[in-house]
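Everything below concerns the one structure shown next.
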């Protein structure tokens, strides 16, 4: 899975947090995706990205302990089969 995500934050809350949010975003995104039984890499068009983004936003704010992340944006979402990857 190849994802390119962006996120909007409350600048004041992010500054008060005092740490980079991106590692948490990536961890939560991949954890949420691989735990989601509805994810089917062969049918990405049927995947509910709105639900994914909403859940990701909720989990990030829970994990960070504050309403820091305002929105998660998906810029790219693709699946590349292992057989299709260059060696």
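In this note's numbering, the protein residues as written are -4 to 82. From the three backbone atoms N, C-alpha and C, an ideal C-beta is built for every residue, glycine too.
query	result
Spatial neighbours of residue 5 in its chain, beta-carbon cut-off 7 Å, leaving aside the 5 residues before and after	62, 63, 65
Rounded separation between residue 32 and residue 43 - CA only	12 Å
Span separating the alpha-carbon of residue 3 from that of residue 78	35 Å
Whole-angstrom distance between residue 50 and residue 8, CA atom to CA atom	20 Å
Cα-Cα separation, residue -2 to residue 27	13 Å
Identity of the residue in 37, 19, 69, 17 nearest residue 46 by Cα	69
Option in 11, 19, 39 with minimal Cα separation from residue 57	19
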